[in-house]
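According to full-length UniProt numbering, the sequence shown is numbered sequentially starting from 1. Read the structure below first, then the notes.
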Amino acid sequence: MHITKAEYIKSCVKAEHYPTDGLPEMIFAGRSNVGKSSFINSLTNRKHLARVSSRPGKTQTLNFYNINDMMYLVDVPGYGYAKVNRSLKESFGRMIEEYLVERDELILGVLLVDYRHKPTAEDIAMYQLYKYYEIPSVVIGTKKDKVNRSQYKKQEKLIKETLGFDQDDVFVAYSSETHEGRDEVWEIFLDLIQQYNDIIQEMEHEEE
1 MHITKAEYIK
11 SCVKAEHYPT
21 DGLPEMIFAG
31 RSNVGKSSFI
41 NSLTNRKHLA
51 RVSSRPGKTQ
61 TLNFYNINDM
71 MYLVDVPGYG
81 YAKVNRSLKE
91 SFGRMIEEYL
101 VERDELILGV
111 LLVDYRHKPT
121 AEDIAMYQLY
131 KYYEIPSVVI
141 GTKKDKVNRS
151 QYKKQEKLIK
161 ETLGFDQDDV
171 FVAYSSETHE
181 GRDEVWEIFL
191 DLIQQYNDII
201 QEMEHEEE
């Protein structure tokens, strides 16, 4: 995948603020320390597209990134940061749920988990939220380069069993350091984008 454009567009907290150009969207969620910003930067081949906050839990918005004028990556600030108070967590949860429920352009839920560890309760809850709203999902195991090769199958099995992994979904082990898994992720994304565009074209044709 050759990236010619990767730009931050806007941050939103309400549906009326979302982009209105109809491009397909993919939401990215994961814990504060899972390496989500590094993953997005690796995926788009940009060093500083997604920036790591100096104060985890500070930002509570949906951040939209335009990729090649063909899609949006929607970055959800990392969850699981202990110092975020309960009311803020509840507000954040409502914001995410509104997006999952209301957004017709959403075509994929991406969940990032640390390949080295068992998924947390927050990871499980986020994955179940995708499943509840019947959103096609991809689980990304980050930091693969930090796991011994002999542990690959064991860690993947642990992650899938803990999440209650749906066999219709896809799991990809990823390294932001070596970019291993990048081509596989883009193949998944491009296929879904093509399906979305085909549906839109068919709907437009029927309206003519």
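For glycine and all other residues, C-beta sits at the position ideal for the given N, C-alpha and C. Remember, it's a predicted structure, so these values are computed and weren't measured experimentally.
Could you work out which residue in the options is closest to residue i when comparing CA atoms only?
| i | options | result |
| --- | --- | --- |
| I135 | P19, V110, E161 and F64 | V110 |
| L190 | K118, P24 and R51 | P24 |
| F92 | G141, S175 and M126 | M126 |
| T4 | R116, N66, I159 and D198 | N66 |
| N197 | N45, D104 and N33 | D104 |
| G78 | Q60, G22, T142 and R31 | R31 |
Looking at residue j and residue i, is the spacing between their C-beta atoms short of 8 Å?
| i | j | result |
| --- | --- | --- |
| I40 | D75 | yes |
| Y174 | I124 | no |
| Y8 | L62 | no |
| F28 | L112 | yes |
| Q155 | R116 | yes |
| V185 | L43 | yes |
| S37 | R51 | yes |
| K131 | D168 | no |
May I ask you to report which of helix, strand or coil DSSP gives residue i?
| i | result |
| --- | --- |
| Y65 | strand |
| S54 | Any reading at S54 must be qualified, since the residue scores a pLDDT of 48, below 50, and its modelled position is unreliable; the value itself is stated next. Of the three classes helix, strand and coil, the one that applies to S54 here is coil, per DSSP. |
| S175 | coil |
| Y18 | coil |
| D123 | helix |
| residue 211 | Not covered by the structure: residue 211. The range shown for the chain is 1 to 208. |
Does the distance between the C-beta of residue i and the nearest non-hydrogen atom of the ligand PLP fall short of 7 Å?
| i | result |
| --- | --- |
| I9 | Although the ligand PLP was asked about, the structure shown includes no ligands whatsoever. |
Tell me, which residues are paired with residue i by DSSP?
| i | result |
| --- | --- |
| M71 | I67 |
Residue ranges of each alpha helix (DSSP H) within the segment 130-172, 4 or longer: 152-163
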